[in-house]
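Q: Going line by line, the protein sequences match chains A and B.
Residue numbers for the first sequence follow my numbering, so the first one is 1359 and each next one is one higher.
Residue numbers for the second sequence follow my numbering, so the first one is 16 and each next one is one higher.
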Amino acid sequence: MRLADLQAAYRGYLLSGDSAALAPAIVADSFDGPERLAIYRNNFLISLGEALKANFPVTLQLLGADFFGQAARRFVLAQPPQRPCLFEYGAGFADYLRDLPEMATRPYIVDMARFEFARVAAYNAPVEPAVTPETLVGLSPEQLEALPIRRARHALVLVVRAPVLALWQAHQVAEPDFADIDMTPRSRALLVCRPEQALTYQELDLSASAFLLAAEHETTLGVAAARCGATDDATLGRIIALALQLRLLIQSKALK
Amino acid sequence: MGTSCSQLPLATGIGLRAAHHERVRAEQPDIAWLEVHTENFLGGGATPAMLETLRERYAISLHGVGLSLGSTEGLDEEHLARIAALVRRLDPAAVSDHVSWSVTAGVYFNDLLPIPYDEEALLVIVRNVMRFQEAIGRTVMVENPSTYLRHAQSDRAEPQFLAELCARSGCGLLLDVNNVFVSTENHGDDAHAYLAAIAHLPIGEIHLSGHHLRQIGNRSIRIDDHGSPVSDPVWTLYEHALRVIGPRPTLVEWDSALPPLETLLAEAGKAQTRLDAARRSVA
């Protein structure tokens, strides 16, 4: 069998469990081909299940090991990784969970999965030179308005309805206590970012979230400021200060 | 050692895993070198920065698990570029990956899948290893796999395949003694004959790790799991390997059911005792 055909047959087997096309290519002795191949399929499913556990530790606690394990196995087969860095694996896991009927009564777990993947993505995002107070010193009001910016890749904004920050914090101890957590759903905009070496999180108000959402792709400081709906300089000043403190903005190109 | 594929010190190292990052950084245990899985350090931020700090104290080996050197469709150039950038940043003492494949048609299987030992697979992996070396500007090592099956189309033994791979690509061999034991036991081969057949190759590093015996009915098969201490027969085979190929930098790997750092360091200590004895006998 040509190597390309053999590897295609492995792909089909690993994703389906049907070894009919591949087994004839395997030497059968004390174990037959399907038995030997099953070792590799087992490794494939277990190792990626472990990768998901590592990326979604609180989601795992909330779902329980059995349910998480079954969901992870189905997710791995439905959406296997496309790249070899497993810290990038699981971008679709929250949406996958959302579509499971069991999640209808526990939507906060889907929000937790979104938050946990944002943590992983922020932690591993590339280091980029951020806009600093020095960047802004000496710029005229017109230049400030026209400054080309985008949000740093370590800074993620997600909108959830569950109190995931409180829930996540409660799960950082051996015996979580949720008694004081208000589970009432309401829209929350969360900032997950890694300004230096460590992650930090906070809930954003409407103005700050609108500003940072506007800066997801390249824009100008003036446009992002207009989008945030700040009606006074103090609010805008507070948002800019937050952005500078947490290194949330990148100057996307030189000023004209 | 006479090999350009490894600048590792002739001593034992440990595989550094995330659960031990903080303690190793804080306590800087007395160990000569550290090996990490390259793919865990290709993001930005804190993780590679930590390795950069450890680089000041320890020799570092970058051991890849995801380049898929046996893939017929060639290497992922974007992934290769990230590895090349990390190599430039860290200037590691060694860079390696595996004689296996894990990627096809856009799916990464996260397992070291076996390749047939025939001419077509040899041409594919030689081409990919040479591209790897070209991209990072240095000689790499490739690790012999643990295998649980043989392909009907294989027309040569694994040691011969490895020898041809090293000769044609110029790469070195990372000899995993546990893998030699697991594979030869699983296929009814002779581990000593295996070592004799690869002893002349440029071997820049040795790996040691644990495996387990899985019972299936009245039959058994050895599974490489990096989740237990090095077994007694593997220690014995390691001693034999040191006699046959000479002393080499040696790593103790542990990936699943990771023990306390002390346990890992104690295993490395056992390897160091044997390595020291081998060095004395050579001297």
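Cβ atoms here follow ideal geometry from the backbone N, Cα and C, with glycine treated the same way.
Because the structure is a prediction, the values reported are computed rather than measured.
1. Show which residues of chain A have a CB atom less than 8 Å away from the CB atom of Arg-234 (chain B).
2. Can you find a C-beta in chain B that's less than 7 Å from the C-beta of Ile-1539 (chain A)?
3. Thr-199 (chain B) touches chain A at which residues, Cβ-Cβ below 8 Å?
4. Anyone know if the C-beta pair for Leu-1613 (chain A) and Gln-1501 (chain A) falls short of 7 Å?
5. In or out: His-241 (chain B) buried (at least 16 other Cβ within 10 Å) or exposed?
6. In the DSSP assignment, what are the bridge partners of Arg-1546 (chain A)?
7. Return the first residue and the last residue of the alpha helix (DSSP H) that Gln-1469 (chain A) is part of.
8. Given that a residue counts as buried once 16 or more other Cβ atoms are within 10 Å of its Cβ, and exposed if not, what is Arg-32 (chain B)?
9. Which class does Tyr-344 (chain B) belong to by DSSP, given the choice of helix, strand or coil?
10. Give the residues of chain A in contact with Phe-196 (chain B), contact being defined as C-beta atoms less than 8 Å apart.
11. Which one of B:Asp-133, B:Asn-55, B:His-207 has the shortest CA to CA distance from Ala-256 (chain B)?
12. Along chain A, which residues have their Cβ under 9 Å away from the Cβ of Ala-99 (chain B)?
13. Would you list the one or two residues that DSSP bridges to Asp-1453 (chain A)?
14. May I ask you to list, following chain order, the residues of the stretch 114-130 of chain B that have a beta carbon less than 9 Å from some beta carbon of chain A?
15. Report the CB separation of Asn-1674 (chain A) from Gly-59 (chain B) in whole angstroms; it is logged as a contact under 8 Å.
16. Give me the chain A residues within the contact set of Thr-1 (chain B), using Cβ-Cβ distance strictly less than 9 Å, ordered along the chain.
17. Please check the pair Leu-1380 (chain A) and Tyr-1398 (chain A), which I expect to be a contact at CB under 8 Å, by giving their CB distance rounded to whole angstroms.
18. Report the rounded CA-to-CA distance for Pro-63 (chain B) versus Phe-147 (chain B), giving the unit in angstroms.
19. Kindly say whether Tyr-163 (chain B), judged by its beta-carbon, lies nearer than 7 Å to any beta-carbon of chain A.
20. DSSP beta-bridge partners for Val-122 (chain B)?
21. Which residues in the same chain as Glu-1576 (chain A) place their Cβ atom closer than 7 Å to its Cβ, once the five residues preceding and following it in sequence are excluded?
22. If the cut-off is 9 Å on Cβ atoms, which residues from the stretch 1501-1512 of chain A count as contacting chain B, listed in chain order?
23. Just curious, the alpha helix (DSSP H) that Leu-69 (chain B) is in, first and last residue?
24. Give the residues of chain A in contact with Val-139 (chain B), contact being defined as C-beta atoms less than 8 Å apart.
25. Pick helix, strand or coil for Pro-1392 (chain A), following the three-state DSSP scheme.
26. Residues of chain B with CB under 8 Å from Glu-1393 (chain A), in chain order?
27. Select from B:Ile-130, B:Asn-159, B:Ser-115 the residue whose C-alpha is nearest the C-alpha of Leu-1364 (chain A).
28. If you run the structure through DSSP and keep just helix, strand and coil, what is Ile-130 (chain B)?
29. Distance check for Glu-1533 (chain A) and Ala-1572 (chain A), CA to CA, integer angstroms please.
30. Is Ala-1383 (chain A) closer than 7 Å to His-94 (chain B) when the C-beta atoms are compared?
31. Judging by CA-CA distance, which residue of B:Glu-220, B:Pro-274, B:Ile-236, B:Ser-235 is the nearest neighbour of Ser-243 (chain B)?
32. Around the Cβ of His-215 (chain B), are there at least 16 other Cβ atoms within 10 angstroms (buried) or fewer (exposed)?
33. Following the continuous alpha helix (DSSP H) through Tyr-1447 (chain A), name the residue where it begins and the one where it ends.
34. Going by alpha carbons, who is nearest to Arg-1605 (chain A) out of A:Leu-1497, A:Asp-1590, A:Pro-1484, A:Asp-1563?
35. Since Val-1489 (chain A) meets chain B, which of its residues come closer than 7 Å, beta carbon to beta carbon?
36. Taking only the alpha-carbon atoms, compute the straight-line gap between Leu-1548 (chain A) and Arg-1596 (chain A) and give it to the nearest angstrom.
A: According to the structure data:
1. Ser-1388, Phe-1389
2. no
3. Neighbours of Thr-199 (chain B) on chain A: none; closest Cβ ~14 Å, over 8 Å.
4. yes
5. buried
6. A:Val-1518
7. Note on residue identity: the sequence assigns Asp, not Gln, to residue 1469 (chain A). Segment 1465-1482, the alpha helix (DSSP H) holding Asp-1469 (chain A).
8. buried
9. Look at the range of chain B in this structure, 16 to 298, and you will see that residue 344 (chain B) is not part of it.
10. Within 8 Å Cβ-Cβ: nothing; Phe-196 (chain B) doesn't reach chain A, min ~16 Å.
11. B:His-207
12. Those within 9 Å of Ala-99 (chain B) in chain A number zero; the least Cβ separation is about 15 Å.
13. Per DSSP, none; premise fails for Asp-1453 (chain A).
14. Trp-116, Ser-117, Val-118, Thr-119, Ala-120, Gly-121, Val-122, Tyr-123, Phe-124, Asn-125, Asp-126, Leu-127, Leu-128, Pro-129, Ile-130
15. This structure leaves residue 1674 (chain A) out entirely; chain A is present only between 1359 and 1614.
16. With chain B covering only 16 through 298, there is no way to say anything about residue 1 (chain B).
17. Actually they do not touch by this definition, with Cβ atoms about 10 Å apart.
18. 21 Å
19. yes
20. B:Thr-119
21. Pro-1506, Arg-1508, Ser-1610
22. Arg-1511, His-1512
23. 61-69
24. Leu-1361
25. helix
26. Ile-231
27. B:Ile-130
28. coil
29. 40 Å
30. no
31. B:Pro-274
32. exposed
33. It is not in any alpha helix (DSSP H) - Tyr-1447 (chain A) carries neither H nor E in the DSSP assignment.
34. A:Pro-1484
35. Near Val-1489 (chain A) there are no residues of chain B at all, since even the closest Cβ is about 17 Å away, more than 7 Å.
36. 17 Å
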